[in-house]
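Chains as they are written, first to last, in this note's numbering: chain A, 102 to 544; chain B, 138 to 344; chain C, 38 to 172.
Glycine residues also receive a C-beta, built at the ideal position from the N, C-alpha and C atoms.
Owing to the predicted nature of the structure, the values given are computational and were not obtained by experimental measurement.
Each remark here refers to the structure printed beneath this line.
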């Protein structure tokens, strides 16, 4: 159905509605100003620095001069004395005699860049020339009274061009991007972005084979060989980081609160109780204690439950495929049950303005095994083997910016007197058509 | 049967009720033109205030569409959670609009969705830009000091009208009682209600 | 006068395609006489639906522009063909769906646009064509 041109095209990421033309114009102006600034800087650098240097080395004519006098030129800078070498030379150019004070191009041009705070270096430069001796010199044929005794490229020149050059690159790149995307449909922009993404030259993470868009990388899983089966699966998130975060929060909170708590206690001990402070600090103390309790419980849990290791016979998984599994659970506790299943979860994220919601739904749960009444002993981890089967026709692992289909092996343990623990080990399911070449991804 | 189920799309898919996809449903006697007139009377300054999921962004999009039809240049931005600054390209474009203001007959309009998140400096920049040159309409969860344009709120009748519109062309698996119950459970948040109805529709379709 | 419309037809009557298979067809515009067509874009793409924000990616994209300001001939059917990728496959999940389609967008005069799309399924190769490893 025909409709008027929509000036209100929402783009993903920064949501924006309004005239896309105006928005693009604003963008273009911003980048254009960067480009203009950069170009101006480059032109100024070329005119005032590069061209004179080039002329010095290619345009000046060589002749012989007599050094008549030497002196240390001085001037007051920002709270310090600055120096430059000044040498009076006599030479003949184009049939005339000239006797200017000079040293290098900066001195010859009376430029402030000739000055330096390093007196010793300047004196050493003067010592290189002896009064009454003859030396080669170079004069400007267009202005014969302008001559130099020393000519050398200044290394710092190139740094001066860095800033304007970066402005030019940013501005030009941004302008090209803006113009390229001006007035494009959503499909056209998406196609352009995808074409522009660099292909990976050394993609060691994927087995050799066809491209698999929107399927997660294998590297985290296939770079860890197992001791019994082919691969050891990594945890989706380590309990160590949770513990660390909790410990840091506990330390910070209780550290801050203890300062005021000590002050309150001291006031009571000094028979001058500060009730306002005492009442104020009580809720904060309560939170601090709760944090400590939480930390201790997590620590005890982590120490008691121990490591969960999962190994698998092959990876990535394929629909209809069967894989051997080895689960090892260490610790020091009595477990009511230990259960393992293959889980498929969908995760969808929706953002609108200040609201962001992510919903996760487990859409498939395929039991692998369940054991009951286990007693774990430190030094004798529990081990069990099983077989996991991926259903034929199952959806492969999928990842996009806002939507994801995620497969994982989940180990859940129920213990007496403690909360149950659950650990997830991500796996990647490929579509059948994307099955890797046999042996290509063996560790 | 599965093919038939697959062919029926869930009308409560998030993309279908995104603010730029749905037109705001006004109460009888109200319209986008009427709201524009109120905005004009307030010297093109106004705020749309309402709780989460009450249709502020949708109303803003509908209002801007009406303004565009009336020949007004419009420029809008939606701020995400925690975003306290206006994007550079938005500011640049706004400055262009201000500079070109005398060349267009209608007052150009700036719109900021989620205005309450802006930091003081960017509010000041925006205020300075709009002073005597550009109109400004914002959405917020609470008043921010601009003339009140509209206070959005969702009642069961309005929610049912929205659901009817979304469900047009699909099997009518969701009824008014379902909508009212879920709207009450979500405290008037229509967005969360629609997410719930997504699941309800899918369950009933599978039965 | 009838509203202009875009007609898209796929060569194969099958609704499901497979990775590596060729997807081909044609499209043309109807009832668009008198309204010059400045450009037409055709794309083979996938997008998501469900409870999350929409993700979209274009697999193949073509664009035809009018030359000399005369407009494209709407009666002339235009063909397209592409080889379908391995992923992502079409998917009907509980809160996420992945859908494939051919989308054609025509840019008319005065900033008007026409859009039409024809959906299809991208399914995985049948089990018997590939032997999954049994270890």
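According to DSSP, residue 445 of chain A shares a beta bridge with A:465 and A:508. Three or more Cβ pairs closer than 8 Å define a contact, and the region 211-229 of chain B falls short of that threshold against the region 49-63 of chain C. Burial is judged here by how many other beta carbons sit within 10 angstroms of a residue's own beta carbon; residue 363 of chain A has fewer than 16 and is exposed. In chain order, 87, 88 and 132 make up the part of chain C whose C-beta sits under 9 Å from the C-beta of residue 335 of chain B. Listed in chain order, the beta strand (DSSP E) runs fully inside the region 194-282 of chain B are 211-215, 246-250 and 272-277, counting runs of at least 3 residues. Chain order gives the chain C residues near residue 146 of chain B as 86, 134 and 136, where near means a beta carbon separation below 9 Å.
For residue 305 of chain B, the secondary structure class from DSSP, reduced to helix, strand or coil, is coil. In the pairwise beta carbon analysis, the region 121-139 of chain C is classified as touching the region 488-506 of chain A: at least three pairs are separated by under 8 Å.
Between residue 150 of chain B and residue 87 of chain C a beta carbon distance of about 6 Å is seen, short of the 8 Å cut, so the two are scored as contacting. A Cβ of chain A is located within less than 8 Å of the beta carbon of residue 95 of chain C. In this structure residue 113 of chain C is not in contact with residue 77 of chain C, their Cβ atoms being roughly 11 Å apart against a cut-off of 8 Å. What residue 316 of chain A touches in chain C, judged by beta-carbon distance under 7 Å, is 124, going in chain order.
Boundaries of the beta strand (DSSP E) around residue 168 of chain A: 162-177.
Residue 207 of chain A carries a helical assignment under DSSP once its states are collapsed to helix, strand and coil. Not a single C-beta of chain C is nearer than 8 Å to the C-beta of residue 489 of chain A.
Of the candidates C:118, C:103, C:140 and C:75, the residue whose Cα lies closest to the Cα of residue 95 of chain C is C:140. For residue 150 of chain B, the neighbours in chain C by C-beta distance under 7 Å run, in chain order, 86 and 87.
Within the same chain, no Cβ atom closer than 7 Å to the Cβ of residue 369 of chain A is found once the five residues on either side in sequence are excluded. Under the three-state reduction of DSSP, residue 192 of chain B is assigned to coil, being neither helix nor strand.
Annotation: residue 503 of chain A is outside any beta strand (DSSP E) and is labelled neither H nor E by DSSP. Around the CB of residue 324 of chain A, fewer than 16 other CB atoms lie within 10 Å, so the residue is classed as exposed.
Contact check for residue 156 of chain B against residue 304 of chain B fails: the beta carbons are separated by 8 Å or more.
Taking 8 Å as the upper bound for CB-CB distance, residue 327 of chain B and residue 276 of chain B are not in contact here, some 15 Å apart.
Nearest in C-alpha terms to residue 379 of chain A, of all of A:397, A:360 and A:396, is A:360.
Just so you know, the alpha carbons of residue 211 of chain A and residue 266 of chain A end up roughly 28 Å apart.
Put simply, the CB of residue 218 of chain B is near chain A, with a gap under 8 Å to one of its CB atoms. Residue 245 of chain A: member of the beta strand (DSSP E) spanning 244-249, first to last residue. Residue 148 of chain A and residue 264 of chain A have their C-alpha atoms some 16 Å from each other. Interface annotation, residue 334 of chain A: not in contact with chain C, CB-CB separation never under 8 Å. In the structure shown, the three-state DSSP call for residue 517 of chain A is coil. Within a 10 Å sphere around the beta-carbon of residue 288 of chain A sit 16 or more other beta-carbons, which makes this residue buried. Burial of residue 447 of chain A is indicated by the presence of at least 16 other C-beta atoms within 10 angstroms of its C-beta. With a threshold of 8 Å between beta carbons, residue 91 of chain C makes contact with chain B.
In the DSSP assignment, residue 320 of chain A falls within the alpha helix (DSSP H) that extends over 320-323. Under DSSP, residue 195 of chain A takes part in no beta bridge, so it has no partner.
Taking the beta carbon of residue 456 of chain A as reference, the chain B residues within 8 Å of it are 189, 190, 218 and 328, listed in sequence order.
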